[in-house]
Amino acid sequence: MASPSDAGDSLFESLTKVDPKKAEAQAKELEERLLAQNVKAQNRLRELIGSNSTLPVTINKVLLVGGGHTRRSFLDPIFNPLLSVNRDRPYTLGEALHEVGSVATKLERFGIFKEPISTFIDRPSQTDPSTTVTDIDVYIRAQERGRFSAKTGTDIGNAEGSAYGEVQLRNIFGGAESLNLNASAGTRTRSSYQAIFDTPVLSDPEKRITIDALASSTHKPWASHEEGLTGGGLKYSWATKSGMRHQLAYTGVWRQITGLGEKASPTVRNDAGDSVKSSITHTWLADRLNHPLLPSRGYLIKTVSEIAGWGPLKGDVGFLKSEIVTTGALPIPIPGIKGDSGVSLTAGLRSGFLLPLPVGFGGASQPSRINDRFILGGPTDVRGFKMGGLGPHDGSDSVGGDVYAAGSANLLVPFPRVGKDAPLRLQLFANAGRLLPLKDSKGKGKAEAGKSVQKDFYSTVSQLGDGLPSTAVGVGVVYAHPVARFELNFSLPLVMRRGEEGRKGLQFGVGINFL
Numbered sequence: 001m002a003s004p005s006d007a008g009d010s011l012f013e014s015l016t017k018v019d020p021k022k023a024e025a026q027a028k029e030l031e032e033r034l035l036a037q038n039v040k041a042q043n044r045l046r047e048l049i050g051s052n053s054t055l056p057v058t059i060n061k062v063l064l065v066g067g068g069h070t071r072r073s074f075l076d077p078i079f080n081p082l083l084s085v086n087r088d089r090p091y092t093l094g095e096a097l098h099e100v101g102s103v104a105t106k107l108e109r110f111g112i113f114k115e116p117i118s119t120f121i122d123r124p125s126q127t128d129p130s131t132t133v134t135d136i137d138v139y140i141r142a143q144e145r146g147r148f149s150a151k152t153g154t155d156i157g158n159a160e161g162s163a164y165g166e167v168q169l170r171n172i173f174g175g176a177e178s179l180n181l182n183a184s185a186g187t188r189t190r191s192s193y194q195a196i197f198d199t200p201v202l203s204d205p206e207k208r209i210t211i212d213a214l215a216s217s218t219h220k221p222w223a224s225h226e227e228g229l230t231g232g233g234l235k236y237s238w239a240t241k242s243g244m245r246h247q248l249a250y251t252g253v254w255r256q257i258t259g260l261g262e263k264a265s266p267t268v269r270n271d272a273g274d275s276v277k278s279s280i281t282h283t284w285l286a287d288r289l290n291h292p293l294l295p296s297r298g299y300l301i302k303t304v305s306e307i308a309g310w311g312p313l314k315g316d317v318g319f320l321k322s323e324i325v326t327t328g329a330l331p332i333p334i335p336g337i338k339g340d341s342g343v344s345l346t347a348g349l350r351s352g353f354l355l356p357l358p359v360g361f362g363g364a365s366q367p368s369r370i371n372d373r374f375i376l377g378g379p380t381d382v383r384g385f386k387m388g389g390l391g392p393h394d395g396s397d398s399v400g401g402d403v404y405a406a407g408s409a410n411l412l413v414p415f416p417r418v419g420k421d422a423p424l425r426l427q428l429f430a431n432a433g434r435l436l437p438l439k440d441s442k443g444k445g446k447a448e449a450g451k452s453v454q455k456d457f458y459s460t461v462s463q464l465g466d467g468l469p470s471t472a473v474g475v476g477v478v479y480a481h482p483v484a485r486f487e488l489n490f491s492l493p494l495v496m497r498r499g500e501e502g503r504k505g506l507q508f509g510v511g512i513n514f515l
């Protein structure tokens with residue numbers, strides 16, 4: 001016979017014992033009920049706004065909740081245009097909500113507030129005699145990100161891996177300014193120390209001024225030397241209403257070619273030592289790709305133009321350097337598959353030239369240096385060739401060229417059973433390129449040298465179409481990680497000129513910019 005205490009224990013256990021399946025079903029039911037209530041509330045709010053979208057309103061004031069370290073003079077140019085007192089006509093409710101949302105999005109782009117930024121609208125206090133029946137108050141709730149952060153990690157770039165340490169200071173003076181201090185060491189960049197100060201202009205996230213200082217040492221395995229850089233620059237970046245991005249930059253840098261290998265070629269040894277480059281660069285970008293690393297539709301056009309040493313720029317190297325990069329992606333429909341099949345064709349074309357110029361206001365043009373020439377070939381541009389495998393060589397060293405053109409066509413197909421939404425593709429590709437040197441006009445008079453450079457330049461450009469370019473085809477696997485794009489390809493060079501270095505077989509590439 002059970003004792004009273006045993007009966008109590010059994011009753012307690014029966015009350016506290018919960019069926020896991022029943023608890024899971026109840027939790028799921030509660031979650032579905034809350035979700036349904038939220039959807040219903042959103043639909044009611046949408047209907048309410050829709051039925052009153054033409055209601056006239058005036059924005060009386062805008063309040064930022066949570067921006068304690070952000071100064072008023074920085075926020076005023078953002079918020080003041082919202083106030084009805086600064087407009088020539090009243091809002092409708094729909095227009096007011098749209099403008100408030102645009103301001104919240106603008107605040108997010110400064111990078112000093114955590115996402116998402118919430119907005120609320122309320123009627124002003126009726127005890128305020130200065131308000132009217134159409135007045136509304138806008139409240140923007142934004143939580144500031146930490147003003148100091150430090151991190152360490154690894155970076156994966158074009159054919160390079162590195163470890164780094166970074167310290168970042170945000171919103172230093174209350175106007176979305178930032179200071180980044182970065183130190184890294186890697187496989188190619190032996191050491192790099194960089195400081196970058198960035199600030200928006202006129203409270204506009206699309207207009208920024210950047211000041212940077214750099215000291216680095218990079219190993220150039222394809223040309224038997226290391227290059228040391230010490231210098232700095234000033235950049236101004238802006239975007240147009242159509243979404244085009246521009247950047248105008250001045251760079252002053254002291255370059256050193258040092259650490260020559262035992263088998264360094266005469267060309268490399270001739271350019272060894274110091275040089276100073278003083279240049280102005282303009283970059284223009286139109287990016288309409290639907291994905292930065294694995295696009296299936298859209299296009300990208302980028303131009304980079306640099307002038308160094310000419311006129312007041314001085315330094316001891318002078319040239320005009322220009323490069324254009326284009327990429328296009330097109331989805332391919334497959335019969336029997338509705339919507340996007342995941343199969344796409346991408347194509348890229350790049351070209352550039354380097355034209356020597358007189359340094360300062362006089363003198364003759366000097367031949368280009370190995371520091372400034374183009375390098376072509378490798379797993380991230382013309383696949384099927386070694387890094388720097390195309391173009392002029394001196395012995396085993398790739399010494400670069402002054403004029404180049406390269407193109408690629410890639411067919412990307414989803415893997416069976418993986419699906420089109422996975423960032424994994426099978427790749428079939430064909431790419432080609434040509435890299436040529438400009439003739440040496442050294443030793444000629446000023447006028448003669450100038451005419452000779454122009455003549456040699458046009459002659460070199462015309463040679464790009466002489467004969468077949470260096471060509472390779474292959475098949476591989478592409479994985480688009482959020483940090484970088486990974487490719488493992490089997491490549492087969494089909495056309496290769498004397499002195500160039502192909503890469504038959506497996507080739508692994510990691511980077512963010514692929515041809």
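Numbering-wise, UniProt numbering puts 231 at position 231 of the sequence shown, and it's gapless, one number per residue. In this text, a Cβ means the ideal position worked out from N, Cα and C, and glycines have one as well.
- In this structure, the beta-carbon distance from E99 to L82 falls below 8 Å.
- Its chain contains L345 as the residues whose beta carbon lies nearer than 6 Å to that of L330, once the 5 sequence neighbours on both sides are disregarded; these appear in chain order.
- When the five nearest sequence neighbours on each side are left out, the beta carbons in the same chain lying within less than 6 Å of the beta carbon of S237 are those of R208, Q247, in order along the chain.
- According to the DSSP secondary-structure assignment, T326 is paired through a beta bridge with I301, L349.
- The bridge partners DSSP lists for K321 are E306, L354.
- Inclusion of P200 and F110 in the CB contact set at 8 Å is warranted, their separation being smaller than that value.
- About 6 Å separates the beta carbons of G391 and L376, which is inside the 8 Å limit, making them a contact pair.
- Contact annotation: V403 and L438 have beta-carbon atoms nearer than 8 Å.
- Residues N290, A329, P331 of the same chain have their beta carbon placed closer than 6 Å to that of R297, with the five preceding and five following residues left out of the count.
- The region 265-300 is shown to contain whole beta strand (DSSP E) runs of 3 or more residues at 273-287, in chain order.
- The three-state secondary structure of I59, taken from DSSP, is strand.
- For S118, the enclosing beta strand (DSSP E) covers residues 118-122.
- Judged by DSSP in its simplified three-state form, T105 adopts helix.
- If the five residues before and after D212 are omitted, its C-beta is found closer than 7 Å to the C-beta atoms of Q194, A195, I196, G232, G233, all from its own chain and listed in chain order.
- Across the structure, S396 and S278 are spaced so that their CA atoms are roughly 31 Å apart.
- The Cβ atoms of T134 and V57 sit closer than 8 Å to each other.
- Under DSSP, H246 forms a beta bridge with W238, W284.
- Taking 8 Å as the cut-off, the Cβ atoms of L64 and L75 count as close.
- DSSP places P81 in the helix class (H, G or I) of the three-state scheme.
- With a threshold of 16 other beta carbon atoms within 10 Å, A432 meets it and is buried.
- In the three-state reduction of the DSSP assignment, L202 falls in the coil class, being assigned neither a helical nor a strand state.
- The Cβ-Cβ distance between F374 and L435 falls below 8 Å.
- Secondary structure within the region 403-471: the beta strand (DSSP E) runs of 3 or more consecutive residues, fully enclosed, are 403-414, 424-436 (chain order).
- Sixteen is the threshold: when 16 or more other Cβ atoms of the shown chains lie within 10 Å of the Cβ of H393, as they do, the residue is buried.
- Between the alpha carbons of T380 and V495 lies a gap of roughly 19 Å.
- In the DSSP annotation of this structure, F361 is not part of any beta strand (DSSP E), being labelled neither H nor E.
- For a cut-off of 8 Å, the C-beta gap from L300 to T326 is around 7 Å, short enough to register as a contact.
- Around the beta-carbon of A264, 16 or more other beta-carbon atoms lie within 10 Å, marking it buried.
- One thing to note: K314 has its Cβ within 8 Å of the Cβ of G360.
- Beta-bridge partners assigned by DSSP to H393: S398.
- Under DSSP, Q194 shares a beta bridge with N182, L214.
- Taking the Cα positions, G400 is about 29 Å away from R245.
- Note that the C-beta distance between T119 and I140 is below 8 Å.
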